[in-house]
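Mapping to the UniProt record's numbering: the sequence shown position 118 is 118, numbers consecutive. Cβ coordinates follow ideal geometry from the N, Cα and C atoms, glycine included. Being a predicted model, the structure only gives us computed values, none of them experimental. Down below is the structure, laid out as structure tokens.
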Amino acid sequence: MARRSTGPPPDEMPAGVPVFVQALRDISQAKRPLSAKERRDLHDAGADAAERGVPLRELIKEHLGVMGRTWATLPGVDAAANTDALKRIAEAVFQAAEDAVGELTKGYEENQRWTIRRAESLRREFIDDLLTGRDLGQLAERAERYGLQLAGTNVVAAASASRPFLESGAATTSVQAAMSLRFSSRHVLVAAREGLLVCVVPHDLGGAPEEFARQVGEVVGRNTVWRVGLGQPQSGPGGAVRSFEQARNALDMAERLNLDERLVKAADLLVYQVLLRDSAALGELVTAVLEPLRGARGGAQRLVDTLDSYFASGRVTTTTAQALGIGVRTVTYRLDRVRELTGYRADDPAQAFTLQVAVLGARLLGWPRAGPWA
Numbered sequence: 001m002a003r004r005s006t007g008p009p010p011d012e013m014p015a016g017v018p019v020f021v022q023a024l025r026d027i028s029q030a031k032r033p034l035s036a037k038e039r040r041d042l043h044d045a046g047a048d049a050a051e052r053g054v055p056l057r058e059l060i061k062e063h064l065g066v067m068g069r070t071w072a073t074l075p076g077v078d079a080a081a082n083t084d085a086l087k088r089i090a091e092a093v094f095q096a097a098e099d100a101v102g103e104l105t106k107g108y109e110e111n112q113r114w115t116i117r118r119a120e121s122l123r124r125e126f127i128d129d130l131l132t133g134r135d136l137g138q139l140a141e142r143a144e145r146y147g148l149q150l151a152g153t154n155v156v157a158a159a160s161a162s163r164p165f166l167e168s169g170a171a172t173t174s175v176q177a178a179m180s181l182r183f184s185s186r187h188v189l190v191a192a193r194e195g196l197l198v199c200v201v202p203h204d205l206g207g208a209p210e211e212f213a214r215q216v217g218e219v220v221g222r223n224t225v226w227r228v229g230l231g232q233p234q235s236g237p238g239g240a241v242r243s244f245e246q247a248r249n250a251l252d253m254a255e256r257l258n259l260d261e262r263l264v265k266a267a268d269l270l271v272y273q274v275l276l277r278d279s280a281a282l283g284e285l286v287t288a289v290l291e292p293l294r295g296a297r298g299g300a301q302r303l304v305d306t307l308d309s310y311f312a313s314g315r316v317t318t319t320t321a322q323a324l325g326i327g328v329r330t331v332t333y334r335l336d337r338v339r340e341l342t343g344y345r346a347d348d349p350a351q352a353f354t355l356q357v358a359v360l361g362a363r364l365l366g367w368p369r370a371g372p373w374a
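Written out as structure tokens, the structure is:
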């Protein structure tokens, strides 16, 4: 006959444990597995523990501990006539305990996954609202959860690459972790949006945009085409929207101009923005000045590229020749052809200005592939 021992009554036990104890009492007599209802109750107890923040190891420890403390008081054990009977009861009880641990763990882990998915969903909604300007009235309050002070001044950087960035992609996760480690997750928000990798930081967090660009370069690899556009610092709940738009425009402008810089700043591209504000007038200028170059042997592109390099070099023919990998005489010949066809001299300050603006317009508008414009 087993010796009776005392333990806390079921109504004084932690939540979920009374269900387990009652199941053990019944199983010690019927030597049956856990019922479907008992499994559901234990599964729910695991989910409830996860919701309350109880560590999983403590949850399992509570249940296995109470099994040990109540073993001798189980009805079946108390009434066991011999060792064989006790062995059969022990097999049923321990199998039930193993199954109970499995149900507790499943409920606990499912709740954690749901919590993570819900947090990710809320984060995506916040980022969408932040970068589109929706729900501005509640945005500042929600931003505090992610460490952003929208009443202050923030700046947005956006990275593009030959392959789009995905919210759950390895590149996104890696850059987010690296930036959080470097600057603290309370100051940096990194997320994928519309194929871009976006980073929102306080404008006075020194070196953050440069570090973001460096991390992007690390994860995409040397053989991948990538670039980071940086908006200007903007304040208030709607500031992130404006800075994000500037960052995207900087990427678009850098693509049109085929810039070599990996980090392009919207502030450095304002002159191009001014030119594009009246794209119709810019198109008319390009057509009026450069359209005659289409009649050149080999087309207009070589002459436009020569003009572009010539102006970039400070109108130095030797530097232009080196940049293009051609002879100085070839550069001179091409500039003469521009003068013959357009009537504009690249070495004349007044005429050169018109030519240079036209060349910039050609790059922005994709001429000579596009056009002419009406």
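Inset, instruction - Run the CB neighbour count on Leu181, radius 10 Å, all protein chains shown included, and call it buried at 16 or more, exposed below. - result: exposed
Inset, instruction - Can you give me the Cβ contacts of Pro209 inside the same chain, cut-off strictly under 6 Å, excluding the 5 residues immediately before and after it? - result: Ala157, Leu230
Inset, instruction - Tell me whether Gly239 is buried or exposed, calling it buried when 16 or more other Cβ atoms sit within 10 Å of its Cβ. - result: buried
Legend entry - Ordered list of beta strand (DSSP E) runs contained in the segment 195-281, each at least 3 residues: 196-202, 226-230, 263-265
Inset, instruction - Below 8 Å on the Cβ atoms is my guess for Arg297 versus Arg334; work out the distance and round it to an integer in Å. - result: The pair is not a contact, with the Cβ atoms about 11 Å apart (cut-off 8 Å).
Legend entry - Nearest-angstrom Cα separation, counted from Ala266 out to Leu122: 30 Å
Inset, instruction - Determine the contact status of Leu139 and Pro237, defining contact as a CB-CB distance below 9 Å. - result: yes
Inset, instruction - Rounded to whole angstroms, what's the CA-CA distance from Arg32 to Glu51? Just pull it up for me. - result: 31 Å
Inset, instruction - Would you kindly work out how many angstroms separate the C-alpha atoms of Tyr272 and Thr319, rounded to a whole number? - result: 24 Å
Legend entry - DSSP bridge partner residues for Thr153 (one or two, in chain order): Beta-bridge pairing links Thr153 to Ser235.
Inset, instruction - Report yes if the C-beta distance between Arg369 and Asp308 is below 9 Å; otherwise report no. - result: no
Legend entry - Touch test, the segment 145-164 against the segment 188-199, Cβ-Cβ under 8 Å, three pairs minimum: Contact between the segment 145-164 and the segment 188-199 is present, because at least three Cβ pairs lie under 8 Å.
Legend entry - Own chain partners of Val264 with C-beta closer than 8 Å, once the 5 adjacent residues on each side are dropped: Arg227, Val228, Gly229, Leu230, Ala250, Leu251, Met253, Ala254
Legend entry - Alpha-carbon spacing of Arg145 relative to Ala36, whole angstroms: 40 Å
Inset, instruction - Could you name the residues that DSSP lists as bridge partners for Arg25? - result: Arg25 pairs with nothing; no bridge assigned.
Inset, instruction - Report buried or exposed for Ala92, applying the criterion of at least 16 other Cβ atoms within 10 angstroms of its Cβ. - result: buried
Inset, instruction - Inspect the beta-carbon positions of Ile27 and Gly65 and report whether they are closer than 9 Å. - result: no
Inset, instruction - Count the other CB atoms, across all protein chains shown, that sit within 10 Å of the CB of Asn82; report buried if there are 16 or more and exposed otherwise. - result: Asn82 should be labelled exposed.
Inset, instruction - Please list, in chain order, all residues of the same chain as Pro9 whose beta carbon is under 6 Å from its beta carbon, the five residues on each side excluded. - result: With a pLDDT of 48 at Pro9, under the threshold of 50, the predicted position of this residue should be treated as unreliable, and no value is reported.
Inset, instruction - Please state if the CB of Met67 and the CB of Leu34 are separated by a distance shorter than 9 Å. - result: no
Inset, instruction - Would you kindly work out how many angstroms separate the C-alpha atoms of Gln234 and Ser243, rounded to a whole number? - result: 6 Å
Inset, instruction - Quick one: give me the first and last residue of the alpha helix (DSSP H) that Val54 is part of. - result: Where Val54 is concerned, there is no enclosing alpha helix (DSSP H), given that its DSSP letter is neither H nor E.
Legend entry - Beta-carbon separation (whole angstroms), Thr306 vs Leu293, contact threshold 8 Å: Actually they are not in contact, since the Cβ atoms of Thr306 and Leu293 sit about 10 Å apart, beyond 8 Å.
Inset, instruction - Over the uninterrupted alpha helix (DSSP H) stretch that includes residue 392, give me the two end residues. - result: As displayed, the chain neither begins before 1 nor continues past 374, which places residue 392 out of reach and without an answer.
Inset, instruction - Could you spell out the range, first to last residue, of the alpha helix (DSSP H) harbouring Arg163? - result: Segment: none, Arg163 is in no alpha helix (DSSP H) and carries neither H nor E.
Inset, instruction - Spatial neighbours of Asp135 within its chain, please: CB distance less than 6 Å, with the 5 preceding and 5 following residues excluded, ordered by chain position. - result: Taken in chain order, the residues that qualify are Asp129.
Legend entry - Close-in-space but distant-in-sequence residues of the same chain around Thr6 (CB under 8 Å, 5 per side omitted): For Thr6, the predicted structure reports a pLDDT of 43, less than 50, and the residue's modelled location is therefore unreliable. A value from the coordinates is still provided. Here Thr6 has Thr73 as same chain residues with Cβ atoms under 8 Å from its own Cβ, once five neighbours each way along the sequence are excluded.
Inset, instruction - Return the CA-CA distance between Leu42 and Thr172, expressed in angstroms with no decimal places. - result: 37 Å
Legend entry - Cβ neighbours of Ala300 in the same chain (closer than 6 Å, five flanking residues each side left out): Leu293, Arg294, Pro368
Inset, instruction - Check each candidate in Ala247, Glu284, Leu282 and name the one with the smallest Cα separation from Asp268. - result: Ala247
Legend entry - Where Leu364 sits in the DSSP three-state scheme: helix
Legend entry - Contact check, Ala47 vs Glu110, beta carbons under 9 Å: Against a cut-off of 9 Å, the Cβ pair of Glu110 and Ala47 comes out as a contact.
Legend entry - Option in Ala96, Asp204, Trp71, Ala191 with minimal Cα separation from Glu120: Comparing alpha-carbon positions, the option among Ala96, Asp204, Trp71, Ala191 lying closest to Glu120 turns out to be Ala191.
Legend entry - Proximity below 9 Å, CB of residue 380 to CB of Phe212: Because the chain spans 1 through 374 in this model, residue 380 falls outside it and cannot be assessed.
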